[in-house]
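Asker: Below is a structure I'd like to ask you about.
In the numbering used here, the protein residues as written are 186 to 643.
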């Protein structure tokens with residue numbers, strides 16, 4: 186803080202890391218500047234207190250771990266930050282990771298939660314993906330500039346119409362089941378109608394209507410894509426098969442009361458959990474929501490970097506399973522683009538896959554992930570966090586949380602509320618709107634309600 190900001194480059198970051206390493210060797214560190222051992226790198230992480238704000242931002246992205254041991258019992262994510270001093274120059278120059286499936290342009294990765302969820306659906310139909318990308322990518326770029334590029338919007342609509350006309354049968358070929366095929370057929374007709382309406386908007390140059398019509402088309406495209414998803418795409422590993430599972434998608438509603446904000450009294454957010462890519466993590470969260478575990482719980486961290494909660498305040502820092510009277514944890518779970526099964530129990534760096542890209546990246550404001558202990562990848566239980574993306578701390582495609590923490594959902598509506606939430610605000614409730622039919626081994630809702638009622642009486 187207080188240092189002049191300079192343009193960020195990988196080389197500048199590398200030089201900054203060397204400076205921090207030298208300072209660490211020449212100075213006496215306080216407990217806050219402790220040396221943290223990293224099994225991944227086989228060396229220490231040195232805290233970055235005293236370096237420029239931009240380098241601190243990189244540090245914070247690098248070591249957003251949950252606190253454990255000496256400095257506190259809770260799993261609150263550390264905010265001081267630390268920099269891995271043993272990353273090679275080659276590795277630094279290979280940051281940021283950029284997802285081929287979640288790139289808007291070469292410079293601007295996708296940060297839209299709905300588009301990230303569409304990209305994450307386990308389908309491979311090229312024509313419908315082509316329409317999706319034409320409507321989202323080209324039009325989003327066209328409206329990004331002060332003067333909307335109508336030619337780009339026209340090109341996106343015309344290209345989509347051509348694909349729909351030429352490859353309709355190829356799209357329907359991948360739809361699973363007769364009822365789904367019937368639904369997809371009518372939805373494709375609706376897409377065609379919307380594209381014609383889009384043409385009218387282009388002809389009248391109605392710039393205000395373009396984003397509205399874009400979302401209408403994309404919602405229909407997503408509906409067809411969902412019709413292409415059949416059985417769950419992979420077998421859950423035996424070690425986790427008896428845990429609560431989300432074998433598909435789930436939609437939640439979360440209400441928060443803001444006690445100290447001057448701009449908001451609170452509100453409601455809608456969250457989509459992606460069990461196709463994080464079935465164990467998503468199932469664990471759905472189960473806790475069904476148990477009303479989070480209802481009435483305070484927000485335990487809100488520092489402009491994350492909004493975090495989930496610590497029940499007991500001696501153990503997570504959910505105690507009443508059937509075992511033990512802390513229930515879930516493994517780190519990361520689906521990599523192109524893989525058929527998630528990576529379990531290891532960060533991507535642990536297994537030498539630091540270049541690989543997760544299907545669910547930390548690209549969107551309101552990305553939902555599990556907090557965990559600093560040195561144990563498989564220690565997540567009930568504590569979760571929403572990432573607040575800021576240009577300085579977590580610009581799209583440049584964070585280094587990807588591959589180290591398990592994303593399992595995104596806020597799709599009401600994410601602006603995160604800016605007003607403060608530590609001590611209250612989660613009134615989180616409830617399941619949809620997706621319970623996709624759950625397995627999740628507590629029965631009636632039984633869970635009885636448990637909660639009995640606890641309140643006692």
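Quick reminder that beta carbons are idealized off the backbone N, C-alpha and C, glycines included.
All values reported here derive from a predicted model rather than from experimental measurement.
Measuring only between beta-carbons, confirm whether residue 545 sits less than 8 angstroms from chain B.
Answerer: Although the question refers to chain B, the structure presented lacks it and comprises just one protein chain.
Asker: Just verifying my parser: in three-state terms, what is the DSSP assignment at residue 413?
Answerer: coil
Asker: With burial defined as no fewer than 16 other Cβ atoms inside 10 Å of the residue's Cβ, what is the status of residue 410: buried or exposed?
Answerer: buried
Asker: Give me the Cα-Cα distance between residue 404 and residue 486, rounded to the nearest whole angstrom.
Answerer: A straight line joining the alpha-carbon of residue 404 with that of residue 486 spans about 34 angstroms.
Asker: What would DSSP say about residue 512, mapped onto helix, strand or coil?
Answerer: strand
Asker: What is the DSSP secondary structure of residue 593, reduced to helix, strand or coil?
Answerer: Looking at residue 593 - three-state DSSP - the assignment turns out to be strand.
Asker: Cutting at 8 angstroms between CB atoms, please list the residues of its own chain near residue 458, excluding the five before and the five after it.
Answerer: 431, 434, 435, 436, 437, 467, 470, 471, 553, 593, 594 and 620
Asker: If you run the structure through DSSP and keep just helix, strand and coil, what is residue 438?
Answerer: DSSP, reduced to helix, strand and coil, places residue 438 within a strand of the structure shown.
Asker: Which value, in whole angstroms, describes the spacing of the CA atoms of residue 319 and residue 585?
Answerer: 29 angstroms
Asker: Give every residue of the same chain whose Cβ lies closer than 8 angstroms to the Cβ of residue 603, excluding the five residues on either side of it in the sequence, and list them in chain order.
Answerer: 454, 492, 550, 551, 571, 573 and 596
Asker: DSSP on residue 486, reduced to helix/strand/coil?
Answerer: Three-state DSSP puts residue 486 in a strand.
Asker: Determine the direct distance from the alpha carbon of residue 295 to that of residue 427, and round the result to whole angstroms.
Answerer: 35 angstroms
Asker: Would you call residue 623 buried or exposed, if buried means 16 or more other Cβ atoms sit within 10 Å of its Cβ?
Answerer: When all chains shown are included, residue 623 counts as buried.
Asker: Just to confirm the assignment, what range does the alpha helix (DSSP H) spanning residue 459 have?
Answerer: No alpha helix (DSSP H) holds residue 459; the beta strand (DSSP E) holding it covers 451-459.
Asker: Here's the rule: buried if 16 or more other CB atoms are within 10 angstroms of the residue's CB, otherwise exposed. What is residue 398?
Answerer: Buried is the call here.
Asker: Compute the Euclidean distance between the alpha carbons of residue 251 and residue 559, then round it to the nearest angstrom.
Answerer: Bear in mind that the predicted position of residue 251 carries a pLDDT of just 41, short of 50, making it unreliable; the figure below should be weighed with that in mind. The alpha-carbon atoms of residue 251 and residue 559 are separated by roughly 5 angstroms.
Asker: Check whether the Cβ atoms of residue 504 and residue 566 sit closer than 8 angstroms, and answer yes or no.
Answerer: Yes. Within cutoff.
Asker: Hey, how far is the Cα of residue 371 from the Cα of residue 532?
Answerer: Between residue 371 and residue 532, the C-alpha separation is close to 43 angstroms.
Asker: With respect to the alpha helix (DSSP H) encompassing residue 380, which residues constitute its N-terminal and C-terminal limits?
Answerer: 363-389
Asker: Between which two residues does the beta strand (DSSP E) holding residue 493 run?
Answerer: 491-494
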